[in-house]
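For reference, the structure is listed below as C-alpha cells.
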Amino acid sequence: MKKILVIFQKEMVDNFRDYRSWITGLFWALFGPLLLGGLIMLIGNTVRDTLEESLHLPVSGVENAPSLIAFLEQQDVVIEAAPEDPESAVIAGDINVALIIPPKYSEDFSTGKTAKLQLVFDSTRQSAIADINRVQDLLEGYSRYIGLLRLSLRGVSPEVIRVVQVEELDTATPQSQALIFISMLPYFIIFAIFNGASPVITDATAGERERGSLEPLLINPLPRGWVAIGKMLSAIPFATFNLLITLTGFAAIFRLLPVEDLLGIQIGFDFSTLMAIFLICLPIVFLACAIQTLIASFTKTTKEASTYLPFIGLIPSLPGLALAFLPVKPALWTMLIPTFGQQILINQFLRFEPISSMNIVISSVLTIFLSLVFTYIAIKLYEGERIITG
Amino acid sequence: MIQVQGLSKSFRKVKAVQNVSFSAPDGQITGLLGPNGAGKSTTLRMLYTLLKPESGSAQVDGFDIRESPLEVQCRIGVLADARGLYPRLSSRENIRYYGRLHGLEGEGLERQIDSLLTLLDMQSIADRRTEGFSTGEKLKVAIARSLVHNPKNVLLDEPTNGLDVMSTRAMRQFILRLREEGKCVLFTSHIMQEVAALCDQIVIISHGEVSAHGSPNDLRKQTGQDNLEDAFVTVIGSEEGLER
Numbered sequence: 003m004k005k006i007l008v009i010f011q012k013e014m015v016d017n018f019r020d021y022r023s024w025i026t027g028l029f030w031a032l033f034g035p036l037l038l039g040g041l042i043m044l045i046g047n048t049v050r051d052t053l054e055e056s057l058h059l060p061v062s063g064v065e066n067a068p069s070l071i072a073f074l075e076q077q078d079v080v081i082e083a084a085p086e087d088p089e090s091a092v093i094a095g096d097i098n099v100a101l102i103i104p105p106k107y108s109e110d111f112s113t114g115k116t117a118k119l120q121l122v123f124d125s126t127r128q129s130a131i132a133d134i135n136r137v138q139d140l141l142e143g144y145s146r147y148i149g150l151l152r153l154s155l156r157g158v159s160p161e162v163i164r165v166v167q168v169e170e171l172d173t174a175t176p177q178s179q180a181l182i183f184i185s186m187l188p189y190f191i192i193f194a195i196f197n198g199a200s201p202v203i204t205d206a207t208a209g210e211r212e213r214g215s216l217e218p219l220l221i222n223p224l225p226r227g228w229v230a231i232g233k234m235l236s237a238i239p240f241a242t243f244n245l246l247i248t249l250t251g252f253a254a255i256f257r258l259l260p261v262e263d264l265l266g267i268q269i270g271f272d273f274s275t276l277m278a279i280f281l282i283c284l285p286i287v288f289l290a291c292a293i294q295t296l297i298a299s300f301t302k303t304t305k306e307a308s309t310y311l312p313f314i315g316l317i318p319s320l321p322g323l324a325l326a327f328l329p330v331k332p333a334l335w336t337m338l339i340p341t342f343g344q345q346i347l348i349n350q351f352l353r354f355e356p357i358s359s360m361n362i363v364i365s366s367v368l369t370i371f372l373s374l375v376f377t378y379i380a381i382k383l384y385e386g387e388r389i390i391t392g
Numbered sequence: 002m003i004q005v006q007g008l009s010k011s012f013r014k015v016k017a018v019q020n021v022s023f024s025a026p027d028g029q030i031t032g033l034l035g036p037n038g039a040g041k042s043t044t045l046r047m048l049y050t051l052l053k054p055e056s057g058s059a060q061v062d063g064f065d066i067r068e069s070p071l072e073v074q075c076r077i078g079v080l081a082d083a084r085g086l087y088p089r090l091s092s093r094e095n096i097r098y099y100g101r102l103h104g105l106e107g108e109g110l111e112r113q114i115d116s117l118l119t120l121l122d123m124q125s126i127a128d129r130r131t132e133g134f135s136t137g138e139k140l141k142v143a144i145a146r147s148l149v150h151n152p153k154n155v156l157l158d159e160p161t162n163g164l165d166v167m168s169t170r171a172m173r174q175f176i177l178r179l180r181e182e183g184k185c186v187l188f189t190s191h192i193m194q195e196v197a198a199l200c201d202q203i204v205i206i207s208h209g210e211v212s213a214h215g216s217p218n219d220l221r222k223q224t225g226q227d228n229l230e231d232a233f234v235t236v237i238g239s240e241e242g243l244e245r
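First to last, the protein sequences are chains A and B.
Here my numbering = 1-based position in the first sequence + 2.
Here my numbering = 1-based position in the second sequence + 1.
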C-alpha cells in the first residue's frame with residue numbers, strides 16, 4: 003500500500019510543476035465568482051438607474067394635451083421633443099418609447115369622447131421594458147383619474163366602474179429575489195471541482211500513455227490497480243483547492259460588492275455557510291476525480307481526453323443551472339442523484355432553510371458509493387491488457 | 002535464468018507468437034533475432050508480465066509469469082519498446098521514482114542511483130529535467146531506472162534503436178558488462194551484426210515461430226553456411242531484416 007503513496011507523491015510533484023495545466027484549472031475556479039459578480043453589477047445598475055432616475059419621454063404634439071403633460075410632469079417625467087419619425091427612432095434603438103398625441107386628441111378630450119394616444123415601443127427590447135411599463139402605468143393612471151372626475155361630475159359613484167379591487171400580497175422577501183443569482187452558485191461550484199481535476203488527470207493517464215511511460219511504469223512490482231488509485235488520489239488536492247478558491251471567490255464577491263445597494267437585497271454568505279457547502283461538496287470531489295480518471299484512461303492521447311472531459315464536468319453541473327429557473331423541492335429522489343442532491347442542499351443552505359441531516363447523509367453516501375464503483379472499474383481497466391494495447 | 006515453453010499469443014486473428022520455446026541462462030547474452038513484426042517484442046512483453054500468454058508458460062528464476070507476476074517483476078530489469086520519461090522530473094528523480102516503486106528508499110537507494118549515474122557516465126545530466134534530452138541521453142535514463150533494483154535478469158527491447166555510432170558502441174559495451182556481472186541478458190534486435198557480435202546464444206524468430214536456436218557456431222553448422230548472415234537468410238528464407 004505504501005507504493006500508492008509513492009505514485010501519489012510523484013504525480014503531485016509532476017503536476018505541480020506543470021503549472022500551465024493547473025493554472026488553467028484555477029481560471030475555471032475564478033470564472034464563476036467573476037461572472038456572477040459582473041452580472042450582479044450589471045443588473046444592479048440597470049435596476050437602480052430605472053428606479054432612481056426620472057423618466058425621459060419623447061412626446062410629439064405636446065400642445066394638444068396640456069393637462070396630460072402637466073400630469074406627467076407632476077409624476078417626475080421629463081418631457082422631450084420627439085424626433086421627426088418616432089417609429090424609426092424606436093426601431094433604431096435611439097429611444098425606448100415615444101408618445102404621439104394626435105391633433106384630434108384635444109377635440110375628443112374636451113367633448114368627452116375617448117381620445118386616442120399612440121405609444122411607440124419595442125416590447126422585445128429587455129432594457130426598455132422598465133420605461134415602457136412606467137409610461138403605460140402613468141397613462142392608465144391618468145385615464146382612470148380623469149374618468150373618475152367625469153363620473154363624479156355626473157353624480158355617479160366611482161365604485162360603479164370598480165367591480166373588483168385586487169390587493170396584491172407578494173410573499174417574496176427581498177432575499178428570495180436574490181435567489182435567482184444564488185441558485186446559479188452550485189453550477190459554478192461543481193464546474194470548478196471538475197475542471198480543477200481534469201488537467202491533472204489528463205496528464206497522469208492519457209499523457210502517460212502518449213509519452214510512452216505507461217508501459218515501463220506497469221512493469222514495476224506493484225498491483226496495477228494501485229497505479230490507478232494513486233493517480234486518482236493525486237487529483238483530489240487540486241480539485242479540493244479549486245473548490246476552496248471558488249467558494250472564497252464567491253464570499254469575496256458578496257463581501258466586496260455593495261450587493262445591498264445594487265440589488266436592494268441582502269445575501270447571507272457567512273463562514274459557517276461556506277464551511278457547510280465545502281463539506282457537502284467533498285464527495286463530489288471524489289466523484290469528479292474517479293469518473294475522470296476512468297474516462298481519461300480509455301483515451302489514447304491528451305488531446306482526446308481534453309475533448310471528452312469538459313463534457314463530463316458539464317453534465318452534472320447542468321441541473322444546477324436549471325435549478326435557478328425551476329426550483330425543485332428537496333424530495334428524497336433528488337438526493338439519490340449524485341451531484342443533483344448536493345446542488346439542492348447548497349441552495350437550501352443559502353436560503354437558510356431547515357435541512358434534513360438524512361438528506362445530507364443519503365446524498366453523500368450515494369455519491370461516495372458511485373465514486374467507488376468508478377474507481378473499481380478504473381482498477382479493472384488497468385488490470386486488463388487494453389490499457390497497453392489500446 | 003529465463004525459461005520459456007510453448008508461449009503463444011494472438012491479437013484478434015493475427016497470431017503474433019506461436020509456440021515459442023527457449024531458455025536464457027545466467028551469465029550469457031541471448032539474442033532474439035528476427036525481422037520487424039516477427040513477434041520478438043510480443044514475446045518479451047509476455048516475459049515482462051505486461052501481456053498474458055494464451056498458452057504455454059515461462060519462468061524467471063523459477064517464478065511463473067502468470068502465477069507470480071510480482072515476484073517476476075522484482076527479478077527483471079526491462080528496457081521496453083516504449084521508454085517514455087517524465088519530462089518535468091530530473092534524471093535522478095525519474096530513476097528514484099522507479100527505485101521507490103521497487104520498495105527501495107533512503108541512503109541505499111541514493112547510493113545505487115549515484116553508482117548508476119557514474120556507470121552510465123551521466124552525472125552532467127543527473128539533475129536536469131529530462132525535457133529536451135537527446136535520444137542517447139533519454140536511453141541512459143531509461144536504462145538506469147530499469148536497473149535501479151539491481152535485477153538478476155535484464156530484458157532489452159531493441160536497445161540500440163535510434164542511437165548514433167558512438168552511443169551504439171557504448172550500449173554494446175554496457176551489455177557485455179552486464180554479462181560479466183553474471184546477469185541473464187535477453188535482448189531483441191533485427192540487426193544481424195549486432196547479434197553476431199554480442200550473443201552467446203541466438204533465437205531466430207520469424208512469423209511468430211522459432212525457426213532456429215543455438216550458438217552462432219551451431220547456426221552456421223545447422224545451415225551449412227560459413228557466414229552467419231547467410232545462415233540467417235537460409236533460416237528465415239528471405240533477406241528481410243538485414244541492415245548495415
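Glycine residues also receive a C-beta, built at the ideal position from the N, C-alpha and C atoms.
Item: What does DSSP give as the partner residues of B:K153 in its beta bridges?; Value: B:K153 is not bridged to any residue.
Item: Can you look up A:D110 in the DSSP assignment and give me helix, strand or coil?; Value: helix
Item: Within 10 Å of its beta-carbon, does A:V8 have 16 or more other beta-carbons around it, so buried, or fewer, so exposed?; Value: buried
Item: Can you find the residues in the same chain that come closer than 6 Å, C-beta to C-beta, to A:I6, ignoring five residues on each side of it along the sequence?; Value: W228, I231 and G232
Item: With C-beta atoms as the reference, is A:V61 less than 8 Å away from A:L101?; Value: yes
Item: Can you name the residues of chain A whose CB is closer than 7 Å to the CB of B:R170?; Value: Simply none; closest approach about 24 Å.
Item: Could you tell me which chain A residues have their CB closer than 8 Å to the CB of B:H208, listed as they occur along the chain?; Value: Those within 8 Å of B:H208 in chain A number zero; the least Cβ separation is about 20 Å.
Item: Per DSSP, which residues does B:L8 bridge with? Please list them.; Value: B:V21
Item: Cβ closer than 8 Å: which chain A residues qualify as neighbours of B:V79?; Value: P218 and I221
Item: For a contact defined as C-beta to C-beta under 7 Å, what are the partners of B:L86 on chain A?; Value: S215
Item: DSSP on A:F123, reduced to helix/strand/coil?; Value: strand
Item: So what does B:C185 bridge to, in DSSP terms?; Value: B:N154
Item: Between the segment 14 to 24 of chain B and the segment 189 to 199 of chain B, are three or more C-beta pairs nearer than 8 Å?; Value: no
Item: Where does the unbroken beta strand (DSSP E) through B:E121 begin, and where does it stop?; Value: Just to set this straight, residue 121 of chain B is Leu in the shown sequence, not Glu. Taken as a continuous stretch (DSSP letters only), B:L121 belongs to no beta strand (DSSP E), as it is neither H nor E.
Item: B:K53 touches chain A at which residues, Cβ-Cβ below 8 Å?; Value: E387
Item: Considering only the alpha carbon of each residue, which of B:V61, B:K53 and B:L45 lies closest to B:K184?; Value: B:V61
Item: Nearest CA to the CA of B:R170: which residue from B:L121, B:G109 and B:E72?; Value: B:L121
Item: Along the chain, where does the beta strand (DSSP E) that runs through B:P26 open and close?; Value: From DSSP, B:P26 is part of no beta strand (DSSP E); its letter is neither H nor E.
Item: Does any C-beta atom of chain B lie closer than 8 Å to the C-beta of A:V8?; Value: yes
Item: Verify whether the separation of the beta carbon atoms of A:G27 and A:P201 is less than 8 Å.; Value: yes
Item: So the candidates are B:G107, B:R89, B:L148 and B:V186; which of them puts its Cα closest to the Cα of A:M14?; Value: B:R89
Item: Does DSSP classify B:V196 as helix, strand or coil?; Value: helix
Item: Identify which residue in B:N37, B:G63, B:L51 and B:L34 has its Cα closest to the Cα of B:V5.; Value: B:G63
Item: Please state if the CB of B:L71 and the CB of A:P218 are separated by a distance shorter than 8 Å.; Value: no
Item: Does the Cβ of B:R84 have 16 or more other Cβ atoms within 10 Å, making it buried, or fewer, making it exposed?; Value: buried
Item: Can you tell me whether B:G7 is buried or exposed? The criterion is at least 16 other CB atoms within 10 Å of its CB, across all chains shown.; Value: exposed
Item: In the DSSP assignment, what residue or residues form a beta bridge with A:F376?; Value: DSSP lists no partner for A:F376.
Item: Quick one: what's A:I81 bridged to in DSSP?; Value: A:L59
Item: Give the single residue among B:I66, B:T50 and B:P217 whose Cα lies nearest to the Cα of B:L33.; Value: B:P217
Item: Could you tell me which uninterrupted alpha helix (DSSP H) segments, each at least 4 residues in length, are contained entirely in the segment 186 to 242 of chain A, listed from first to last along the chain?; Value: 187 to 206, 208 to 213 and 216 to 220
Item: Considering just the uninterrupted stretch of the alpha helix (DSSP H) at A:S69, what are its terminal residues?; Value: P68 to Q76
Item: Roughly how many angstroms lie between the CA atoms of A:G209 and B:D227, to the nearest whole one?; Value: 50 Å
Item: Identify every run of the alpha helix (DSSP H) within the segment 321 to 372 of chain A, keeping only runs that are complete inside it and at least 4 residues long; order them along the chain.; Value: 334 to 337 and 342 to 352
Item: With a 10 Å radius around its C-beta and 16 neighbouring C-beta atoms as the bar for buried, classify B:D231 as buried or exposed.; Value: exposed
Item: Does DSSP classify A:I102 as helix, strand or coil?; Value: strand
Item: Using the Cβ count rule (16 or more neighbours within 10 Å means buried), how would you classify A:W30?; Value: buried
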